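In the numbering used here, the protein residues as written are 13 to 359. So the structure is just underneath, and the comments pick up after that.
Printed below as a string of structure tokens:
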């Protein structure tokens, strides 16, 4: 019968809200965007996750009694002091949203964008929610280079294909992984093997062990090419990998649209996090123990990417559920909510 505020409506937030509501608490989910879902809605393209799936889940949660407050940024549209006063517990599930940048010469050129700016704009267009006030980021007819070989980069490849790019190249700093397990990746550890997504199958040039050294522009400040260099990776005596640039491998690659998809460094600190004065860990994430999910402020909890750093949707859901149990224990002194079997091996 307590009041809980969940800040962030992505997978961790929705999972936490569902469990806390099931425990009998009154749950309000705050979302700064115009619709709930977080990364699921405006980060993952429709060709991977159609938005009716999210809408169906939100409708179920609302029917169960959970309130969603959209277009509301805590610390801006509602004060942190009001939140602390009105709710018995607060769960921070805002995700890891600050992208890793590439501060090299030419970074300011028109045509260099963060991947999430590109993907969010496209998701809003498909949903009919883009207001056309921003300058469109389009791959149509352009030589596109996606810098980063992960899932976000793959989503950029697929989206660029759908926008009819002239060419699409995806860079990865690391060397090309093995196509099968090796002795260094015994079961049940997660195998770092080559992944080929549907986006890659649709068409893209993939290059490994390559670094971008400079964005090259024309006289009007538009991106026209990238200067790159190939890398040689070696494992040192300490077991750590390092690379050196291969002499004579520098080249220029035509490029009018460069998408930075190199991951995320930590959650946004400006606003809510700084005003709450919660402790951060050495990586800039909200410090909250894996067993308790509780910050240095007893009534404030954190889960998902905001606590553990960038990760997978399935991890965010798991974190949200586990965090909800700890919030319930904090509020009631006990909890009947389910918890994971600690004897299971996480891979």
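A virtual CB, placed ideally from N, CA and C, is assigned to each residue, including glycine. The structure displayed is predicted, hence computed values, not measured ones.
Could you pull out every residue in the same chain whose Cβ sits closer than 7 Å to the Cβ of residue i, ignoring the five residues on either side in sequence?
i: residue 247; result: 253
i: residue 154; result: 177, 178, 268 and 269
i: residue 142; result: 133 and 136
i: residue 150; result: 175
i: residue 139; result: 63
i: residue 189; result: 204, 205 and 206
So the candidates are the options; which of them puts its Cα closest to the Cα of residue i?
i: residue 217; options: 157, 238, 167 and 229; result: 157
i: residue 148; options: 159, 162 and 131; result: 131
i: residue 267; options: 89, 105 and 159; result: 159
i: residue 123; options: 43, 192 and 238; result: 238
i: residue 81; options: 100, 92 and 39; result: 39
i: residue 311; options: 62, 328 and 335; result: 335
i: residue 343; options: 27, 35, 22 and 241; result: 35
i: residue 90; options: 287, 294 and 321; result: 287
i: residue 222; options: 207, 240, 236 and 206; result: 240
i: residue 284; options: 44, 144, 338 and 77; result: 44
i: residue 277; options: 260, 320 and 264; result: 320
i: residue 303; options: 326, 289, 332 and 290; result: 332
Using a Cβ-Cβ cut-off of 8 Å (strictly less than) and excluding sequence neighbours within five positions of residue i, which residues of its own chain qualify?
i: residue 170; result: 57, 59, 60, 209, 210, 211 and 214
i: residue 55; result: 128, 131, 132, 135, 164 and 167
i: residue 12; result: Residue coverage of the chain in this structure runs from 13 to 359, which leaves residue 12 outside it and unanswerable.
i: residue 427; result: Limits of the chain in this structure are 13 at one end and 359 at the other, which puts residue 427 out of reach.
i: residue 275; result: 111, 112, 160, 162, 164 and 322
i: residue 94; result: none
Per DSSP, which one or two residues make a beta bridge with residue i?
i: residue 218; result: 182
i: residue 263; result: 240
i: residue 101; result: 16
i: residue 254; result: 246
i: residue 229; result: 235
i: residue 298; result: 292
i: residue 144; result: Residue 144 is not bridged to any residue.
i: residue 278; result: 110
i: residue 42; result: 19 and 81
i: residue 223; result: 241
Leaving aside the five residues before and after residue i along the sequence, list all residues of the same chain whose C-beta is less than 6 Å from its C-beta, in chain order.
i: residue 219; result: 183
i: residue 83; result: 46
i: residue 261; result: 241 and 242
i: residue 305; result: 313, 315, 335 and 338
i: residue 114; result: 272
i: residue 152; result: 175 and 176
i: residue 329; result: 23 and 27
Which value, in whole angstroms, describes the spacing of the CA atoms of residue i and residue j?
i: residue 292; j: residue 231; result: 43 Å
i: residue 269; j: residue 351; result: 46 Å
i: residue 19; j: residue 162; result: 27 Å
i: residue 309; j: residue 194; result: 45 Å
i: residue 14; j: residue 175; result: 48 Å
i: residue 117; j: residue 110; result: 21 Å
i: residue 307; j: residue 314; result: 7 Å
i: residue 348; j: residue 341; result: 9 Å
i: residue 63; j: residue 26; result: 15 Å
i: residue 48; j: residue 73; result: 11 Å
i: residue 126; j: residue 78; result: 33 Å
i: residue 271; j: residue 37; result: 43 Å
i: residue 71; j: residue 337; result: 23 Å
i: residue 17; j: residue 31; result: 13 Å
i: residue 202; j: residue 324; result: 13 Å
i: residue 250; j: residue 196; result: 16 Å
i: residue 187; j: residue 282; result: 36 Å
i: residue 53; j: residue 69; result: 12 Å
i: residue 102; j: residue 88; result: 17 Å
i: residue 185; j: residue 327; result: 25 Å
i: residue 96; j: residue 120; result: 40 Å
For residue i, is the beta carbon positioned less than 6 Å from some heavy atom of the ligand COA?
i: residue 129; result: In the structure shown, the ligand COA is absent, as is every other ligand, since no ligand is present at all.
Is there a Cβ from chain D that is less than 7 Å from the Cβ of residue i?
i: residue 299; result: The question asks about chain D, but that chain is absent: this structure has only one protein chain.
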